[in-house]
Amino acid sequence: MQFCSMKASDKMECYRTHYSTEVTTAQHGCEITVAGWVQDIREMGSIAFLILRDRMGTLQVTMLKKKLDPELFKKLCGLNRESVIAVRGTCKPSDKARNGYEVIPEEVEILSEAGTPLPMGVVDKVGVDLDTRLDNRFIDLRKEEVQAIFKIRNRVIEAAHGYLRGNGFIEMHSPNIIGASSEGGTDLFAVQYFEKQAFLSQSPQLYKQTMMATGFDRVYEIAKYFRAEQHNTRRHLNESTAIDLEMAFVRSEEDVMGTLERLIRHIWDHVADNCTDELSLLGVSITVPSLPMRRVTYDEAVERLAKSGVDIKWGDDIGTEAEKLLGDLMQKEGCEFYFITKYPLEAKPFYAMPENGMADDRYARAFDLELNGVEITSGAQRIHDVKLLEERITAKGLKPSDFEGYLKAFRYGMPPHGGFGLGIERIVMNMLGIQNIRECTLFPRDRMRISP
RNA sequence: GCCCCGGUAGUGUAGCGGCCUAUCAUGCCAGCCUGUCGAGCUGGCGACCCGGAUUCAAAUUCCGGCCGGGGCGCCA
816 MQFCSMKASD KMECYRTHYS TEVTTAQHGC EITVAGWVQD IREMGSIAFL ILRDRMGTLQ
876 VTMLKKKLDP ELFKKLCGLN RESVIAVRGT CKPSDKARNG YEVIPEEVEI LSEAGTPLPM
936 GVVDKVGVDL DTRLDNRFID LRKEEVQAIF KIRNRVIEAA HGYLRGNGFI EMHSPNIIGA
996 SSEGGTDLFA VQYFEKQAFL SQSPQLYKQT MMATGFDRVY EIAKYFRAEQ HNTRRHLNES
1056 TAIDLEMAFV RSEEDVMGTL ERLIRHIWDH VADNCTDELS LLGVSITVPS LPMRRVTYDE
1116 AVERLAKSGV DIKWGDDIGT EAEKLLGDLM QKEGCEFYFI TKYPLEAKPF YAMPENGMAD
1176 DRYARAFDLE LNGVEITSGA QRIHDVKLLE ERITAKGLKP SDFEGYLKAF RYGMPPHGGF
1236 GLGIERIVMN MLGIQNIREC TLFPRDRMRI SP
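Under this note's numbering, the first residue of the first sequence is numbered 816, with each subsequent residue one higher.
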């Protein structure tokens, strides 16, 4: 260890030689420098303990009053909790301390003093409302269980990038500021764009489809969805994130569903392999789904629900309560994940491919992927015939002329294609059993909140 | 858009017409303690969202405002 051979110097040469959990028996007896946030100080008269937290965990700095410079003892014990410090000292093995060692300080540098009282505690033994936590998210995120959610979220996204790039998809970025034409189905946020009115995009749908006319064949985007719906629920955000993809030369929606289920399996696999600490911290065990995932047609779902006493008018979407009930029914059969396929055409957006390619078909080649009764993905084979697309736009009460920029991409060679959008917050929420989706995004945007 | 519910110290709560000079915990401040790790003990600090109204009396009832939570619809 090069740090072992380092001479003690008057000045701290660096703020950190080791993270809390990186210290091994090799460092015992050597000088190390550690840095982080002061989580707690327990002063007991002649001995005091300072718990220092860094991104890997916590460690203990032990101060014996008799053996320590009085100035240094006072300086360390007088710190406010959550101040940021660097401590240079000797690493001493100890079976009484966490991680099997403690740091006997020789020098401390106060890098930032925390004010008091804290707007909320990091390790206090009292509850904190989600709202208070979100108002003070920078402190909330100091909690290891909160960090665990985002470490797992990071792995989810990492897995998606890895799987998709490994399977010929290229990452794209579509504009978030769009002109008037939109896919419909939701309210958009209006923004002033110089002298014009513009909107925040509800999804990259029309752009990723446009990309199918280019020859890239397979694209994906970690996309932002902006939706101006006045919903106020535990599973909706006004700004959300999705893994959105589109693939060309598909024979049917089955090709898309196959990609989706393999992607999901890879994500679950990757999280299971790389997040054991985080999962156990959150008390969650996850099961990598086996393939193929169960397919249930819309008609079957409606029939099953009818048998359980919930009547859905054919053609209507399956409501939240019914969706939950179906989730319970499927779970009894051992299916956490299941597709609902063959939706009524009328229940799906204009770009969904009718089952037999006719504008007045009864069903669409569209599917949702459900996880424990919550929709995490919506997808379909898309219409690639411009005539049919225009008919469907009209049938939805929209004007084809408003979609001219989009339709143009279909007139000069557009292959059959399909795709889906997979909500990242919804994945994390349902994977980890989190009750409120706001916990799954750093700075959530909901009906009331635009800050921080 | 529709329908419920709530706002009491920094944080989380109890109180729901007079017993409130407002409970408890946590936090903060001071003191004691040589092995703490949800440390312990002693003392102290700190709050009824705002504006009207009712009443002898309002944290408590009513009206309005502001802020927030949840459900539905819609969706990821």
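The beta carbon of each residue, even a glycine, is placed where N, CA and C say it ideally should be.
Note that the coordinates shown come from a computational prediction; the quantities given were computed from them, not determined experimentally.
Beta-bridge partners of residue i, as assigned by DSSP
i, result
"residue 1034", "985 and 1061"
"residue 1055", "1040"
"residue 1279", "Because the chain here runs from 816 to 1267, residue 1279 falls outside it and cannot be looked at."
"residue 1178", "1159"
"residue 1167", "1197"
"residue 863", "858 and 878"
"residue 927", "899"
"residue 1185", "1153 and 1190"
"residue 852", "868 and 899"
"residue 992", "1015"
"residue 1243", "Note: residue 1243 sits in no beta bridge, so no partner."
"residue 847", "904"
"residue 1235", "1060 and 1194"
C-alpha gap between residue i and residue j, whole angstroms
i, j, result
"residue 819", "residue 833", "Residue placement at residue 819 is flagged as unreliable, the pLDDT there being 41, under the threshold of 50; a coordinate-derived value is accordingly withheld."
"residue 1030", "residue 1265", "39 angstroms"
"residue 824", "residue 883", "Reliability of the predicted coordinates at residue 824 is poor, the pLDDT of 49 falling under 50, and no value is obtained from them."
"residue 1136", "residue 1142", "10 angstroms"
"residue 967", "residue 912", "29 angstroms"
"residue 1245", "residue 1120", "22 angstroms"
"residue 1099", "residue 850", "30 angstroms"
"residue 952", "residue 964", "13 angstroms"
"residue 1251", "residue 1175", "40 angstroms"
"residue 1070", "residue 998", "23 angstroms"
"residue 870", "residue 1033", "37 angstroms"
"residue 1189", "residue 1138", "7 angstroms"
"residue 1258", "residue 956", "11 angstroms"
"residue 888", "residue 853", "15 angstroms"
"residue 827", "residue 907", "19 angstroms"
"residue 1024", "residue 1237", "16 angstroms"
"residue 903", "residue 948", "33 angstroms"
"residue 821", "residue 905", "Its pLDDT being 43, under 50, residue 821 is placed unreliably in this model, and the value from its coordinates should be taken loosely. Approximately 12 angstroms, taken between the alpha carbons."
"residue 1103", "residue 1204", "38 angstroms"
"residue 920", "residue 959", "25 angstroms"
"residue 1149", "residue 1140", "14 angstroms"
Residue i vs residue j beta-carbon contact at 8 angstroms
i, j, result
"residue 835", "residue 877", "no"
"residue 1192", "residue 1052", "no"
"residue 1179", "residue 1169", "yes"
"residue 970", "residue 1086", "yes"
"residue 1076", "residue 1108", "yes"
"residue 1151", "residue 1186", "yes"
"residue 933", "residue 954", "yes"
"residue 944", "residue 896", "no"
"residue 1201", "residue 1225", "yes"
"residue 972", "residue 1037", "yes"
"residue 1127", "residue 1117", "yes"
"residue 1158", "residue 1145", "no"
"residue 891", "residue 923", "yes"
"residue 989", "residue 1022", "yes"
"residue 918", "residue 847", "yes"
Among the options, nearest to residue i - alpha-carbon criterion
i, options, result
"residue 1002", "1186, 1111, 1212 and 1040", "1040"
"residue 1132", "883, 1072 and 1183", "1183"
"residue 1112", "1248, 1123, 1155 and 927", "1155"
"residue 1198", "984, 1061 and 993", "1061"
"residue 992", "1018, 954, 1097 and 896", "1018"
"residue 1048", "830, 1262 and 1014", "1262"
"residue 1195", "1118, 1164 and 865", "1164"
"residue 1065", "1238, 827, 1232 and 1237", "1232"
"residue 1016", "981, 984, 985 and 1055", "1055"
"residue 1260", "1090, 1046 and 1110", "1046"
"residue 1057", "1247, 1200, 973 and 1239", "1239"
"residue 898", "868, 947, 907 and 1148", "868"
"residue 1160", "1210, 1116 and 1127", "1210"
"residue 950", "1202, 1200, 1147 and 936", "936"
"residue 978", "1080, 843, 1110 and 1218", "1080"
"residue 1249", "1006, 1230 and 961", "961"
"residue 1228", "927, 1088, 1005 and 1063", "1063"
"residue 1005", "1043, 1223 and 844", "1043"
"residue 1009", "994, 939 and 840", "994"
"residue 1106", "929, 1084 and 830", "1084"
"residue 987", "1222, 847, 914 and 1035", "1035"
"residue 927", "894, 1124 and 915", "894"
"residue 915", "1147, 840 and 1253", "840"
Check: residue i C-beta below 7 angstroms from any heavy atom of the ligand FMN
i, result
"residue 930", "Absence of the ligand FMN from the depicted structure is noted, as is the absence of any ligand whatsoever, leaving it without description."
What runs of the alpha helix (DSSP H), each 4 residues or longer, lie entirely inside the region 931-972? Within the region 931-972, the complete alpha helix (DSSP H) runs of at least 4 residues are 945-950 and 952-955.
Hey, which unbroken runs of the beta strand (DSSP E) at 3 residues or more fall wholly within the region 1097-1132? The region 1097-1132 contains, as complete beta strand (DSSP E) runs of 3+ residues, the segments 1109-1112 (chain order).
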